[in-house]
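Asks: Questions regarding the structure given below will be posed in turn.
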Ligand code: NDP
């Protein structure tokens, strides 16, 4: 039996394009500009031109940002319920016109109508429904937050309307206004969406859509009137945006590339896993950031499973995307086809086995057959690069630990799919994989209630869920932060005079690495004088080598991350207890260093802060979401990993504790640079740590020049995040810029100071969010 053709009519979509004379201007302030400086949008399935769109200029972006700024008070003034009603109307209109949207998307992008009709459109509508709900609940659920302001949003071509909804819905729900740029290849559904905005009663300037190439994206990114950038696309452009926004104070979320593993254990339902694989790598021709592009299959079933995969590939139907019985459509553009072909050729050249089913490719348009590559080494380009096409690279493993090791052998960390009938094995593997989403016995599941986003070079920030809303809000406590503190000069004194006291010379405060006191590798030290000019001690001048040793020690201390939260809480309480026992000594040290009139207050606040984060350690729970599919999605708050921290100069003990305690409470290990001006009370803490059961390597302290050490932290490949709070504006910008190399997460003080005594500014969920990353684990159930 064979399938007959089942074409979806394109009449309505073509009529809609004709109705616009196949020319579109820009949508700014609820008005269409005259089409100008046109570029073409083509149908990738046959290469025909569909329409022409306007290349926005810098002046257009300027107009869009100004309109968005003007609209802020109007949109926010409507209140949560007012916004919810408009967003509900958008959801309803998307549903009402879903077939027109689906056909238009298929024409413009080349993906099959089955996918646009059954996946893109329902998910886009669901996103607006869900976020209409967040708008309604905002004042109750996010009472301590406000909207960020004007948001610039840039999306790629692989899910044009769906990415639009992922971006625009949460931004509007939180009370922001947007300047949105679709991808040059696929802007048409955004034009249709603009029409819905008019129908739904979105006030002028709330949604502005500017079309054009990457220069338009860059103009949005660089515009000083934009408060936040939300980007989805390639890691390369994500990195450029991180660099461009460094030091600007703009909030940033990046959803970037991936090389996600699809892991099949020998006890898996193999037929189910094969179907999962089809959804994972041949969905949208593999042009999916979270595509399961690396098949890791247990050696014992490798041949059997690969035979099943090949048999299934023979049955994949490739052809006209508007045919309802097609599985595989066209690639977005010949450029993409050439990129994929070049990578597959490189695999052939390296001696890999490249297998493709017999399948006729249409003569016109942009096509690539489903492809299976075996025999690739782990370092092969096809095993490491994001191919972004219908190409699967298969490898085998023997044991679960080897599967995890292979899964994590990538710079990315977006998603993973795990197939086994053993729930305990699946739930053991899920936390070990460095990825923002793990699907158990399923693949490519998405829902507005469940956050989506990456670890490592797959970016940071989440879309969907509560955590996705937070990306579009600012804590009110941030607005209350004081001005930048005056740069604290190091106290000056006279070393020669101090030498009159022979014992003073031996007072060299060591650094602390791997639970042991350490001398600086440079063998250099610098004097620390008290306010009265007396030599208090010498401190080691840490270097790149010391940071490397500290990072190594921090990685060895990974047991801290897997320790129970109860255990971590106990250690934090114990640190507090031992600090309390030596409170007088620490107070005296603070007074000697800083001249503080009330040093006891700082010590007591430090003890309280340790209690505070000990309390949080076993209470910062995740969530269990209920997506519309049969199953639950568990959102886990995981540690970020190894965090580099540069501490403030004001409140040298409290500042240190306020940053280190939340990090270690949630299972991170830290490499800390104490206050450069007043390092001694932090260096004294090793005696407290040593008596408090804190495992070696969890906290490592490297004293020295803050700028130099921060640079090393920001560029170190094995550090996952860098926090800088020493009041150096340029230093903060530099950390953000340098962190782009490995796309580390950053948390910097920026242009404001912080009241370290304030629980609102130096505590709470906002701080804990910096110390954690959300992993959503999808667990289906039922038969
Ligand atoms: P890009 O990252 O270049 O494009 C994503 C979006 O960013 C588009 O709207 C693009 O505009 C815009 N853009 C391009 N340059 C800049 C810039 N300097 N500043 C701001 N915005 C910019 O992806 P491509 O479309 O070029 O695809 C290239 C490769 O990237 C793919 O082959 C794939 O491997 C990967 N990719 C990954 C995606 C993911 O979700 N992980 C999504 C898309 C691509 P315009 O399209 O008009 O040039």
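Residue numbers (the numbering used here): 355 to 1137. From the three backbone atoms N, C-alpha and C, an ideal C-beta is built for every residue, glycine too.
Per DSSP, what kind of secondary structure is residue 845 in: helix, strand or coil?
Replies: DSSP places residue 845 in coil when its eight states are reduced to three.
Asks: Does the beta-carbon of residue 567, which I'm using as the reference point, lie nearer than 6 Å to any heavy atom of ligand 1?
Replies: The answer is yes for residue 567.
Asks: On a Cα-Cα basis, can you pick out the residue from 647, 1110 and 1036 that is closest to residue 835?
Replies: Comparing Cα-Cα distances from residue 835 to each of 647, 1110 and 1036, the minimum goes to 1110.
Asks: Just curious, the alpha helix (DSSP H) that residue 492 is in, first and last residue?
Replies: Taken as a continuous stretch (DSSP letters only), the alpha helix (DSSP H) holding residue 492 covers 475–495.
Asks: Within this structure, are the beta carbons of residue 548 and residue 489 separated by less than 7 Å?
Replies: Against a cut-off of 7 Å, the Cβ pair of residue 489 and residue 548 comes out as no contact.
Asks: Using CA coordinates, which residue listed in 971, 393 and 908 is at the minimum distance from residue 1067?
Replies: Among 971, 393 and 908, the Cα nearest to that of residue 1067 belongs to 908.
Asks: Any idea if residue 717 is buried or exposed, counting beta-carbon neighbours within 10 angstroms, 16 or more meaning buried?
Replies: By the 10 Å Cβ count, residue 717 comes out exposed.
Asks: Does residue 581 come out as helix, strand or coil in the three-state DSSP assignment?
Replies: Three-state result, residue 581: coil.
Asks: Is residue 537 a contact residue of ligand 1, with contact defined as CB to any heavy atom under 6 Å?
Replies: At least one heavy atom of ligand 1 is nearer than 6 Å to the Cβ of residue 537, so yes.
Asks: Here's the rule I'm using: 16 or more other beta-carbon atoms within 10 Å means buried, otherwise exposed. How should residue 886 be labelled?
Replies: Counting Cβ neighbours within 10 Å, residue 886 comes out exposed, since fewer than 16 surround it.
Asks: What's the call for residue 1135, buried or exposed, on a 16-neighbour Cβ count within 10 Å?
Replies: Classification for residue 1135: exposed.
Asks: Comparing the CB of residue 478 with every heavy atom of ligand 1, is any distance shorter than 6 Å?
Replies: Because no heavy atom of ligand 1 lies under 6 Å away, the Cβ of residue 478 does not count as near it: no.
Asks: Taking 6 Å as the cut-off, is the beta-carbon of residue 513 closer than that to any non-hydrogen atom of ligand 1?
Replies: No, Cβ of residue 513 sits at least 6 Å from all heavy atoms of ligand 1.
Asks: Measure the CB-CB distance between residue 643 and residue 768 and report whether it falls below 7 Å.
Replies: A contact, by the Cβ cut-off of 7 Å.
Asks: Hey, which unbroken runs of the beta strand (DSSP E) at 3 residues or more fall wholly within the stretch 399–455?
Replies: For the stretch 399–455, whole beta strand (DSSP E) runs of length 3 or above, ordered along the chain, are 403–408.
Asks: Rounded to whole angstroms, what is the Cα-Cα separation between residue 891 and residue 883?
Replies: The straight-line gap from Cα to Cα measures roughly 7 Å.
Asks: Considering only heavy atoms of ligand 1, does any lie closer than 6 Å to the CB of residue 742?
Replies: Within the cutoff, so yes.
Asks: What are the partner residues of residue 979, as DSSP defines its beta bridges?
Replies: Residue 979 is bridged to 987.
Asks: Between the C-alpha atoms of residue 1018 and residue 753, what's the straight-line distance to the nearest angstrom?
Replies: Each residue's Cα considered, the two are about 31 Å apart.
Asks: May I ask whether a heavy atom of ligand 1 can be found less than 6 Å away from the beta carbon of residue 594?
Replies: Yes.
Asks: Would you call residue 668 buried or exposed, if buried means 16 or more other Cβ atoms sit within 10 Å of its Cβ?
Replies: With fewer than 16 Cβ atoms within 10 Å of its Cβ, residue 668 is classed as exposed.
Asks: Run through DSSP, which three-state label would residue 1028 get?
Replies: Three-state DSSP puts residue 1028 in coil, outside helix and strand.
Asks: Pick out whichever of 735, 448 and 1130 has its Cα sitting closest to the Cα of residue 809.
Replies: Checked all of 735, 448 and 1130; the closest Cα to residue 809 is 1130.
Asks: Measuring only from the beta carbon, is residue 1033 closer than 6 Å to any heavy atom that is part of ligand 1?
Replies: Outside the cutoff, so no.
Asks: Under three-state DSSP, which class holds residue 387?
Replies: In this structure, residue 387 counts as coil in the three-state DSSP scheme.
Asks: Distance check for residue 962 and residue 1003, CA to CA, integer angstroms please.
Replies: If I take the Cα positions, the gap works out to 20 Å.
Asks: Looking at the secondary structure, which residues open and close the beta strand (DSSP E) in which residue 531 lies?
Replies: Element bounds for residue 531: 531–535.
Asks: Which residues does DSSP pair with residue 677 in a beta bridge?
Replies: For residue 677, which the question treats as bridged, DSSP gives the partners 361.
Asks: For residue 692 and residue 735, I'd like the C-alpha separation in whole angstroms.
Replies: Taking the straight line joining both Cα atoms gives about 15 Å.
Asks: Report yes if the C-beta distance between residue 593 and residue 941 is below 7 Å; otherwise report no.
Replies: Contact flag unset, no.
Asks: Given that a residue counts as buried once 16 or more other Cβ atoms are within 10 Å of its Cβ, and exposed if not, what is residue 777?
Replies: Exposed.
Asks: Using only the heavy atoms of ligand 1, determine whether one of them is closer than 6 Å to the beta carbon of residue 700.
Replies: No, ligand 1 has no heavy atom inside 6 Å of this Cβ.
Asks: Quick check: what's the CA-CA separation for residue 511 versus residue 1022?
Replies: The straight-line gap from Cα to Cα measures roughly 36 Å.
Asks: May I ask you to report which of helix, strand or coil DSSP gives residue 752?
Replies: Note: residue 752 maps to coil in three-state DSSP.
Asks: Residue 777 by DSSP, collapsed to three states: which one?
Replies: DSSP places residue 777 in helix when its eight states are reduced to three.
Asks: Would you mind giving the Cβ-Cβ distance between residue 503 and residue 426, rounded to the nearest angstrom? I have them listed as a contact below 8 Å.
Replies: Right, the Cβ-Cβ distance comes to about 6 Å (below 8 Å), so this counts as a contact.
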